[in-house]
Structures are given as C-alpha cells and as structure tokens.
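**Q** Next up is a structure, given as structure tokens.
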Amino acid sequence: MDKEQIDKIVAKYHGEPSALIQILLDIQSENRWLPGEALQMVAEALDVPLTRIQHIATFYKAFSLVPKGRHEIHICMGTACHVRGASRVLDTVEGHTGIKPGETDLDMKFSLETVNCLGCCALGPVIEIDGKPHGRMAPAKALEVLKNYE
Amino acid sequence: MPRINSPGELEAVRREIESQADRAKPCVLICAGSGCIASGAAEVIAAFRAEIENQGLAVDIGTKGTGCHGFCERGPVVVLYPEEICYLQVKPEDVPEIVSKTLKGKEIVERLVYADRATGEKASRESEIPFYKNQQRHVIGSNVRIDPKSIEDYMALGGYTALSKALCDMTAVEVLGEIKKSNLRGRGGGGFPTGRKWEESRNAPGDIKYVIVNADEGDPGAYMDRSVLEGNPHSVLEGLIIGGWAVGACQGFVYVRQEYPLAVENLMIAIEQATEYGFLGQNILGSGFDFKVTVHRGAGAFVCGESSALMTAIEGKAGEPRPKYIHTAIKGVWDRPSVLNNVETWANVPLIIARGADWFTQFGTEKSKGTKIFSLVGKINNTGLVEVPMGTTLRDIIFKVGGGIPGGRKFKAVQTGGPSGGCIPESMLDLEVGFDELSKVGSMMGSGGMIIMDEDTCMVDVARYFLDFLADESCGKCVPCREGIRQMLKILTNITQGKGKEGDIERLEELAEVAGYAALCALGRTAPNPFLSTLKYFREEYEAHIRDKKCPALSCKELIAYYIDPNKCRACMTCSKQCPSNAIDGGKNRIHVIEQDKCTKCGTCFEVCPSRFGAVTKISGAPVPPPIPEEARIITRESKQK
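As they're listed, the protein sequences go chains S and X. Take the first sequence: its position 103, counted from the start at 1, is 174 in the working numbering, and no numbers get skipped. Take the second sequence: its position 334, counted from the start at 1, is 343 in the working numbering, and no numbers get skipped.
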C-alpha cells in the first residue's frame with residue numbers, strides 16, 4: 072500500500088487517534104493484511120507510537136500481520152456447528168491443506184482461520200470460502216468443495 | 010426527504026407514506042437475513058424481480074427483501090402479502106410457478122408450504138405454522154414487513170412515534186420513570202435493571218454523557234442481535250435516541266462487530282436516513298434536544314462484549330477490561346458517564362414508551378418482564394430465532410416451537426448463556442426461563458443462545474470446547490483468567506484424550522473456584538460455569554472418561570474407534586469410495602474392513618453407510634475386534650447364483 076492510500080483512509084477519520092482501530096480495519100479490508108510500512112505510516116500520520124499500533128494489531132483477531140493466500144477459508148467453530156461435528160471437518164481440511172488455523176500454505180493458495188459463529192446455524196457445520204458460505208458440511212463434502220478452488 | 014420539525018409534521022409525513030399507492034399493493038416479502046442469504050435468498054429475490062417483470066406484473070406487485078423471519082431451518086422464506094401465504098425453502102427455479110400460480114391464479118403451490126415432518130399436516134400461512142404460532146414476536150416481529158434499508162417502511166408501522174412522544178410529551182425524568190416501572194432488564198447477559206443503570210448515569214456529575222449499543226455479539230451460536238440490527242436497525246436507533254434523552258447524553262455509539270458486514274451496512278444507511286429526517290442532529294423534532302450517533306466497528310475480540318473493555322475499545326485502544334469499583338455508568342468512555350445496553354434491550358425501549366410500562370409488564374414472570382429472543386440451534390428440528398414471553402418453559406421452547414430433536418435421537422441437555430452459561434439436563438426441562446431461574450440452576454440467560462444437545466454430544470467435550478474458546482479469548486490481563494483457564498483446558502483436554510487421572514476433577518474444581526472469585530471481569534469469573542454445570546449434572550461422564558477411558562456419547566475422537574460389523578456389511582462400497590484417507594479395505598463383494606492405523610476417525614463411513622445396513626459402529630472403552638480373515642470376506646450373493 073502506498074502513502075497516498077493510507078493518507079486517504081486517515082483523512083476519512085479526520086486524523087483522530089481514537090479512530091486507530093477503524094483505520095486499521097479499513098487498511099486490512101483493502102489490502103487483506105497489515106504490512107509493517109503501512110503501520111509505520113499510520114503511526115506518523117496519527118502521531119501515536121508504533122508500539123501502541125502493534126499492541127492493537129496483535130490484540131484483535133481481524134488483523135493479520137502476514138500476507139494471506141488467494142483463498143481464505145473460514146471454518147465456523149460456533150457451538151451449534153461444534154455439536155454437529157465441525158471439529159472433524161476442521162481436522163480433514165487441516166490434513167488436506169497441510170496448514171493449521173492462522174496459517175497460509177507455501178503456494179499462497181489457502182489461508183485457514185476458525186471463526187466463532189457465522190450466524191447461519193441452521194446450515195451447520197458451515198465453512199466459508201472467500202465470503203461464500205457452504206452449509207451442511209461433512210469431512211468428505213468439505214474436500215469436494217475445496218477442489219473447486221485453484 | 011423533508012426534515013421533520015415537530016410531532017405534527019411527523020404524523021403528516023407518516024400518513025402520507027401510509028397512503029402511497031405502493032403500500033397497498035400486493036407484495037412478495039423475501040427474508041434477506043444472513044441465514045437465508047446463505048441458503049440462496051439473494052438469487053430468489055433476483056428471480057422474483059425478473060419473473061414479475063417478465064409476466065408484466067411489475068406495476069401491480071412489489072418485491073421486497075426483508076429482515077430475518079427467524080425460521081432459518083426452512084429458508085429462504087417467502088411471504089406473499091396481503092394473503093400472508095408462506096413458502097419455505099424456495100429456490101430460484103420455483104419462482105415462475107409461484108408467480109403464475111399464486112400471484113396470478115391465487116392458487117397455492119402445495120409442495121412449498123409448511124408440512125409437519127412427523128404428521129405431514131400442512132399450514133400455508135406463517136401464523137399457522139407451529140414454529141410461529143407458539144411465539145410472541147414483539148421485537149423481531151416487524152422484521153418480516155420491513156425493508157431494513159427503508160426508513161419509510163419503519164415509519165409506516167409507527168416508527169419514531171415513540172421518540173416523538175418521549176421528546177415532546179414527556180420529560181426526561183418521566184421517560185426514565187417509565188423504563189424503571191417496566192422492570193426492563195438487560196438482554197445481553199447479567200440482566201441488570203436498565204432503568205437503574207440509566208438513573209445512575211443521569212445523576213452522575215458531568216455535562217458530557219454517552220449512551221452505547223453493545224452489538225459485539227460474540228457468544229458462539231447466538232445471532233439474535235445480528236438479526237435485529239440487520240433487520241430493523243431503526244428500532245435500535247430509536248431506542249438509543251430515547252435513552253440519550255432520558256440520560257441526558259449528547260452522543261451515542263454503536264459498537265458492532267466487523268464480522269457482521271450487513272448489520273454495519275444497514276445501520277449506516279439507517280443513521281443517514283434518520284439524520285435526513287431530523288431524528289438525529291440538532292433540535293430533534295423541535296424539542297431542543299441534540300444527539301448524534303457514531304458507529305465503531307469491533308475488530309474481533311470476545312472480551313469487548315464486557316462493558317469496560319468495550320468502552321476502552323471505543324477510545325481506540327486494545328479492549329482490556331478494568332476493575333469496576335466505579336461503575337461505567339459513572340466513569341465510562343473517556344471517564345464520562347456512559348450507559349451501555351445490548352441491541353435487544355434498546356429495541357425494547359420504543360415499544361415500552363409507545364405502549365406503556367403496563368403493557369410490557371403483562372408479559373413475563375415476576376422478576377423477568379417482557380419477551381426474550383432466543384437462538385435455538387444445535388440438534389434441533391427448527392433451527393431459528395424464537396421470541397417468547399419470559400417464563401415459558403424450556404420444554405415448550407424446545408418441543409413446541411423448536412419441533413424437538415432430529416433423527417429420533419434423545420434430548421440430553423440444553424446449553425444457555427454461551428461460554429459463561431451452563432448445561433441444563435433433561436430433568437429440568439420444565440424450568441421457566443428467566444434471569445434468576447436460569448442462574449439458580451447454574452446457568453445464565455446470557456444473550457439468549459440456546460444450544461440443544463442430544464445423546465451423541467459428549468458433555469466433557471462441551472466443557473472443553475468452551476474453555477478452549479475462552480482460553481483463546483482471554484485478554485491476558487489478570488492471572489486467574491489467563492493461567493487458570495489454560496490449566497483447566499489442559500486437564501480437560503487430557504481427559505477427553507484418555508489421559509485423565511484420578512484427582513483431575515478435584516483439581517479442576519479448585520481452579521474453577523479461584524477463577525470464579527479472583528478474575529477481573531465477568532469473562533474470567535464465569536468461565537468455569539460450563540465445567541461446573543456439566544460436572545454437576547453429568548459427573549458419571551467425567552468418571553467414565555477418567556477411569557474407563559470411555560466416552561459414553563461416543564464422541565471423543567481419541568477414545569473411540571470405527572468398526573464395520575462383518576455380519577451387516579453388504580460390500581456396497583459407499584464408505585470405501587468416500588473415505589478421505591483410503592483407510593477402508595474392501596471391494597466388490599468383499600466385506601469392508603477399516604485399517605485402524607490409517608483411520609483418521611473423521612466419521613465419514615459412519616455417516617454414509619446406508620441406514621438399511623447400519624454396519625459401521627463406534628466402539629469406546631473396549632478393544633476393536635480383529636479383522637476377519639481374508640477368505641471369510643467374500644460375499645456370495647444369492648441373486649447372482651440363480
């Protein structure tokens with residue numbers, strides 16, 4: 072991300088230091104991760120210490136300090152999905168992709184995350200890939216779905 | 010959009026909206042809540058728009074994507090207004106038939122109406138379906154008729170008249186008095202009396218005060234706040250403005266999770282529209298009251314649902330709780346008096362002001378008034394959002410509204426209150442739900458998540474699941490929570506993996522006691538509840554795991570093995586083809602055998618084995634029988650011999 076883009080986002084919040092989290096969220100959603108240089112630029116623009124920005128960037132789950140793969144897999148581990156067997160789905164997806172939650176594979180194909188409730192419990196277990204929910208999952212079915220992504 | 014400057018003008022605008030030709034014409038209402046969208050509602054809406062246009066009906070019939078209808082199990086839900094014919098699980102390919110048969114020919118498409126799974130009895134109207142019939146939907150009911158992106162829809166149903174009444178016909182103290190009289194209690198967790206919280210803030214010193222909506226719904230398996238905010242954002246906003254007036258606040262915040270993009274979007278639109286009409290801004294409705302609302306998106310931290318942590322997050326810092334010797338109602342955001350209420354609580358406020366505290370108190374029990382929305386999920390036939398009066402029994406909610414347990418399985422427990430709550434066993438199904446009633450049995454109301462568990466759910470694993478969740482979500486500020494939960498999780502994980510030892514239960518109890526007393530905030534103090542309640546009602550399951558290395562529910566992966574009964578296997582190859590780890594040896598006419606060393610226990614074989622064979626079983630606490638010899642595996646089929 073270049074300085075111009077960062078400045079634009081910071082300007083949207085009138086350079087208010089209290090809007091720090093909102094600014095980081097906007098950068099995250101545009102760039103899909105928070106590069107170190109971007110954090111440095113935000114620190115300068117808002118005049119807040121970089122350590123505080125790093126505190127926030129590591130505290131909240133929405134932020135990623137590493138680049139994401141081409142496809143983001145979110146496996147719902149909400150209670151409803153859990154009692155319907157979500158952990159077996161997670162195990163299978165981990166085995167197939169070779170990555171654990173929070174990781175990205177070496178080909179930058181998949182990033183895997185667990186989430187705590189997607190709010191479509193009727194369809195549980197649910198996995199969401201690039202924002203598209205796939206409902207009533209089972210281990211074998213999840214592998215079928217993953218095959219459609221390149 | 011005209012700015013409205015007085016109650017008289019509001020009434021005039023409302024009448025004008027009501028009399029618009031568009032309002033009277035028949036309309037197709039399609040649920041566009043997150044659940045139905047996930048089941049394909051967006052495609053259904055597009056199909057209706059196209060088909061109505063195609064058949065030349067666009068002038069006479071409207072199409073509207075509405076807020077969540079609640080019956081997520083059978084989504085996408087479509088209601089044809091004014092007849093209120095309700096079609097369930099509608100697919101885009103059903104649309105042409107609905108348009109030509111029902112909209113044109115007034116004929117019902119039988120296969121799309123509700124049919125009871127057990128009796129086959131049909132119901133073509135939403136109000137006749139048992140799921141809806143047994144509810145009282147005051148808060149979530151309007152969702153069905155409102156396009157959440159249209160303030161006019163909300164106003165047509167009487168929206169913002171409560172605000173006008175509060176600002177122009179009542180003093181702030183009278184509004185506060187009405188809320189106190191209604192005994193409204195917080196819908197987000199603890200059930201603290203809303204009026205008392207407001208009063209404390211109102212009486213606190215300081216000119217600048219805040220009111221805040223807590224829409225950081227983090228309880229996994231609860232999504233009622235999301236549906237209210239997505240489906241009827243103006244009701245929350247109206248409540249917040251009324252609260253601001255009563256408390257004497259100049260600004261409101263909505264703290265909403267960024268994981269709820271539709272809620273954020275609809276809320277932003279609602280704020281914009283309310284500002285244009287003059288329900289927000291300077292001199293609202295000519296009353297002299299100024300009020301503005303700011304949206305703060307939460308970046309994903311469960312602990313931010315806690316009041317002091319949420320307020321710290323609004324200040325732009327890491328959301329860590331602080332000790333609350335002084336209530337946040339007195340010293341909250343930037344040390345100023347701040348009232349924090351949950352989405353559902355705020356949505357109740359306009360109803361109470363418009364209809365009066367006496368109307369509100371006629372529903373519910375002595376100490377818990379009004380209705381409550383529950384998200385009924387897990388092993389239940391009718392997954393969805395359910396609004397019932399407080400005091401309804403768990404049995405009625407689960408069996409009358411929820412339709413019981415699927416697959417003929419037996420009910421085991423219901424978990425309420427999320428990670429801070431507990432599991433309630435079958436023997437207590439006649440418990441009337443209310444704040445105090447649920448606390449008494451070791452659980453809590455929480456935000457209203459209700460997760461139904463059947464006999465296949467392992468209660469030790471449920472306790473481990475919640476502690477795993479909390480260990481991940483603990484902010485780490487205080488030791489009892491950070492270290493205590495981690496140690497409890499370690500021991501519980503060991504137990505579910507067959508590595509439990511004598512004395513584990515006692516050690517867990519000790520850790521639970523310390524966290525319960527000494528943790529800084531409610532997250533840590535209530536963290537032991539899932540363990541304590543499951544231990545109280547299902548102790549024998551803990552003992553079976555520890556002593557016999559057996560999982561009675563046949564659920565804990567490390568304690569079970571899958572086994573194909575050679576007498577039942579008909580070598581149909583369904584399981585061997587679908588096994589993701591190629592662990593099933595067998596072929597055509599050869600009885601299948603699971604190679605235990607290759608098996609990852611994903612359970613696929615168990616799920617896909619045709620029920621008429623039922624050959625795959627789970628074994629726990631006993632050794633797996635050795636595979637039958639190669640020569641005995643051949644099946645000679647009688648039909649082939651003829």
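Built from N, CA and C at the ideal position, the CB exists for glycine as well.
Let me check understanding here. Comparing Cα to Cα, which of X/Arg418, X/Ser317, X/Gly458 lies closest to lysine 1 of chain X?
**A** The structure shown has nothing for residue 1 of chain X, since chain X only spans 10 to 651.
**Q** For glutamine 145 of chain X, tell me which candidate among X/Gly79, X/Tyr163, X/Val108 has the shortest Cα-Cα distance.
**A** Taking the second sequence and counting its residues from 1, the one referred to as residue 145 of chain X is at position 136. Closest option to glutamine 145 of chain X, Cα to Cα, is X/Gly79.
**Q** Does the region 612-632 of chain X touch the region 567-586 of chain X, meaning 3 or more C-beta pairs lie closer than 8 angstroms?
**A** The region 567-586 of chain X vs the region 612-632 of chain X: in contact.
**Q** Among X/Tyr123, X/Arg599, X/Gly198, X/Lys607, which one has its Cα closest to the Cα of alanine 592 of chain X?
**A** Within the second sequence, numbered from 1, the residue matching residue 592 of chain X stands at position 583. Among X/Tyr123, X/Arg599, X/Gly198, X/Lys607, the Cα nearest to that of alanine 592 of chain X belongs to X/Lys607.
**Q** Considering only their Cβ atoms, is the gap separating valine 263 of chain X from leucine 249 of chain X smaller than 9 angstroms?
**A** As a working mapping, residue 249 of chain X is identified with position 240 in the second sequence. As a working mapping, residue 263 of chain X is identified with position 254 in the second sequence. Taking 9 angstroms as the Cβ cut-off, leucine 249 of chain X and valine 263 of chain X qualify as a contacting pair.
**Q** Counting only runs that start and end within the region 129-186 of chain S, where is the beta strand (DSSP E) found for 3 or more residues in a row?
**A** 142-147, 181-186, all fully within the region 129-186 of chain S.
**Q** Quick one: what does DSSP say leucine 654 of chain X is sitting in, helix, strand or coil?
**A** Not covered by the structure: residue 654 of chain X. The range shown for chain X is 10 to 651.
**Q** With a 10 Å radius around its C-beta and 16 neighbouring C-beta atoms as the bar for buried, classify tyrosine 220 of chain S as buried or exposed.
**A** Translated into positions along the first sequence, residue 220 of chain S becomes position 149. With fewer than 16 Cβ atoms within 10 Å of its Cβ, tyrosine 220 of chain S is classed as exposed.
**Q** Could you check if isoleucine 335 of chain X is buried or exposed, using at least 16 other CB atoms within 10 Å of its CB as the buried criterion?
**A** The count along the second sequence starts at 1 and reaches residue 335 of chain X at position 326. Isoleucine 335 of chain X comes out exposed.
**Q** Among X/Cys77, X/Ile46, X/His243, X/Ala524, whose alpha-carbon lies nearest the alpha-carbon of valine 358 of chain X?
**A** On the second sequence, residue 358 of chain X is found 349 positions in, with the first residue counted as 1. Of X/Cys77, X/Ile46, X/His243, X/Ala524, the residue nearest in Cα terms is X/His243.
**Q** Go through its chain and collect everything with a Cβ distance to aspartate 69 of chain X's Cβ below 8 angstroms, but skip five positions before and after it.
**A** Position 60 of the second sequence, counting from 1, holds the residue named residue 69 of chain X. The residues are Lys34, Pro35.
**Q** Can you tell me the Cα-Cα spacing of glutamate 285 of chain X and tyrosine 219 of chain X, whole angstroms?
**A** Translated into positions along the second sequence, residue 285 of chain X becomes position 276. Translated into positions along the second sequence, residue 219 of chain X becomes position 210. Those two C-alpha atoms are separated by around 22 angstroms.
**Q** Taking only beta carbons into account, state which residues of the region 385-402 of chain X come closer than 8 angstroms to chain S, listed in chain order.
**A** Cβ contacts with chain S: Val386, Gly387, Lys388, Thr392, Gly393.
**Q** Give the interface partners of glycine 206 of chain S over in chain X, defined as CB-CB distance under 9 angstroms, in chain order.
**A** Start at 1 with the first residue of the first sequence, and residue 206 of chain S comes out as number 135. Correct list: Ala47, Ser48.
**Q** Among all the DSSP beta bridges, which residues are the ones paired with methionine 629 of chain X?
**A** The sequence position of residue 629 of chain X within the second sequence is 620, counting from 1. According to the sequence displayed, residue 629 of chain X carries serine and not methionine. Answer by DSSP bridge pairing, in chain order: X/Ile569.
**Q** Below 8 angstroms on the Cβ atoms is my guess for aspartate 228 of chain X versus glycine 455 of chain X; work out the distance and round it to an integer in Å.
**A** Counting from one through the second sequence, the residue named residue 228 of chain X turns up at place 219. Counting from one through the second sequence, the residue named residue 455 of chain X turns up at place 446. The Cβ separation is near 6 angstroms, so the contact holds.
**Q** Pick out whichever of X/Gly512, X/Phe369, X/Met437 has its Cα sitting closest to the Cα of threonine 402 of chain X.
**A** Indexing the second sequence from 1 puts residue 402 of chain X at position 393. The shortest Cα separation from threonine 402 of chain X among X/Gly512, X/Phe369, X/Met437 belongs to X/Met437.
**Q** The beta strand (DSSP E) that contains glutamate 199 of chain S, what's its start and end?
**A** As a first step, residue 199 of chain S must be located in the first sequence, where it is residue number 128. 198-200 is the span of the beta strand (DSSP E), which, as asked, contains glutamate 199 of chain S.
**Q** Which residues, in order along the region 215-230 of chain X, keep a beta-carbon less than 7 angstroms from a beta-carbon of chain S?
**A** Hits within the stretch, in order: Gly227, Pro229, Gly230.
**Q** Pick helix, strand or coil for proline 656 of chain X, following the three-state DSSP scheme.
**A** No statement about residue 656 of chain X is possible, as the shown extent of chain X runs from 10 to 651 and does not include it.
**Q** Excluding the 5 residues flanking lysine 189 of chain X on each side, which residues of the same chain have their C-beta closer than 6 angstroms to its C-beta?
**A** Along the second sequence, one-based indexing puts residue 189 of chain X at 180. For lysine 189 of chain X, where only same-chain residues beyond five positions count, the Cβ hits under 6 angstroms are Gly204.
**Q** At what residue ranges does the region 77-114 of chain S contain a whole run of the alpha helix (DSSP H), taking only runs of 4 or more?
**A** As far as the region 77-114 of chain S is concerned, its whole alpha helix (DSSP H) runs of at least 4 residues are 91-102.
**Q** How many angstroms separate the CA atom of isoleucine 77 of chain S from the CA atom of glutamine 267 of chain X?
**A** As a working note, residue 77 of chain S is residue 6 in the first sequence. As a working note, residue 267 of chain X is residue 258 in the second sequence. Rounded to the nearest angstrom, the two C-alpha atoms are 20 angstroms apart.
**Q** Considering only their Cβ atoms, is the gap separating serine 133 of chain X from cysteine 177 of chain X smaller than 9 angstroms?
**A** Along the second sequence, read from residue 1 onward, the residue named residue 177 of chain X stands at position 168. Along the second sequence, read from residue 1 onward, the residue named residue 133 of chain X stands at position 124. It is not a contact, given that the beta carbons lie outside the stated cut-off.
**Q** Closer than 8 angstroms: is that where the CB of methionine 453 of chain X sits relative to any heavy atom of the ligand COA?
**A** Ligands are entirely absent from the displayed structure, and the ligand COA is therefore not among its contents.
**Q** What residues from chain S crowd round glutamate 616 of chain X, counting only those whose CB sits closer than 9 angstroms?
**A** Residue mapping note: residue 616 of chain X aligns to position 607 of the second sequence, counting from 1. What glutamate 616 of chain X touches in chain S: Gly156, Ala209, Pro210, Ala211.
**Q** Which ranges does the alpha helix (DSSP H) cover as unbroken runs of at least 4 residues, wholly within the region 350-434 of chain X, from first to last along the chain?
**A** 352-364, 366-370, all fully within the region 350-434 of chain X.
**Q** Secondary structure at valine 148 of chain X, three-state DSSP: helix, strand or coil?
**A** Taking the first residue of the second sequence as position 1, residue 148 of chain X is located at position 139. Correct three-state label for valine 148 of chain X: coil.
**Q** From glutamate 567 of chain X to threonine 505 of chain X, what does the alpha carbon distance come to, in whole angstroms?
**A** The residue labelled residue 567 of chain X in the question sits at position 558 within the second sequence. The residue labelled residue 505 of chain X in the question sits at position 496 within the second sequence. If you take the alpha carbons of glutamate 567 of chain X and threonine 505 of chain X, they lie about 7 angstroms apart.
**Q** Could one say the Cβ of glutamine 111 of chain S lies closer than 9 angstroms to chain X's Cβ atoms, at least one of them?
**A** Here residue 111 of chain S refers to the residue found at position 40 when the first sequence is read from its first residue. Not one chain X Cβ lies under 9 angstroms of glutamine 111 of chain S.
**Q** Would you mind giving the Cβ-Cβ distance between glycine 443 of chain X and lysine 559 of chain X, rounded to the nearest angstrom? I have them listed as a contact below 8 angstroms.
**A** Here residue 443 of chain X refers to the residue found at position 434 when the second sequence is read from its first residue. Here residue 559 of chain X refers to the residue found at position 550 when the second sequence is read from its first residue. Wrong, their Cβ atoms sit about 37 angstroms apart, outside the cutoff.
**Q** How big is the Cα-Cα spacing for alanine 528 of chain X and proline 332 of chain X?
**A** The residue given as residue 528 of chain X occupies position 519 in the second sequence. The residue given as residue 332 of chain X occupies position 323 in the second sequence. C-alpha separation (whole angstroms): 10 angstroms.
**Q** Report yes if the CB atom of arginine 404 of chain X is closer than 9 angstroms to the CB atom of aspartate 463 of chain X, and no otherwise.
**A** Against the second sequence, residue 404 of chain X aligns to sequence position 395. Against the second sequence, residue 463 of chain X aligns to sequence position 454. It is not a contact, given that the beta carbons lie outside the stated cut-off.
**Q** Mind listing the chain S neighbours of tyrosine 141 of chain X? Cutoff is C-beta to C-beta under 7 angstroms, in chain order.
**A** As a position in the second sequence, residue 141 of chain X is number 132, starting the count at 1. Ordered by position in chain S, no residue passes the 7 angstroms Cβ test against tyrosine 141 of chain X, which lies about 16 angstroms from the chain.
**Q** Return no unless some Cβ of chain S is closer than 9 angstroms to the Cβ of tyrosine 144 of chain X.
**A** As a first step, residue 144 of chain X is located in the second sequence; it is residue number 135 there, counting from the start. Correcting the residue type first, residue 144 of chain X is glutamine in the shown sequence and not tyrosine. Output row for glutamine 144 of chain X: interface = no.
**Q** Can you say whether asparagine 241 of chain X is buried or exposed, counting buried as having 16 or more other CB atoms within 10 angstroms of its CB?
**A** In the second sequence, counting from the first residue as 1, residue 241 of chain X sits at position 232. The residue is buried, with at least 16 neighbouring Cβ atoms inside 10 Å.
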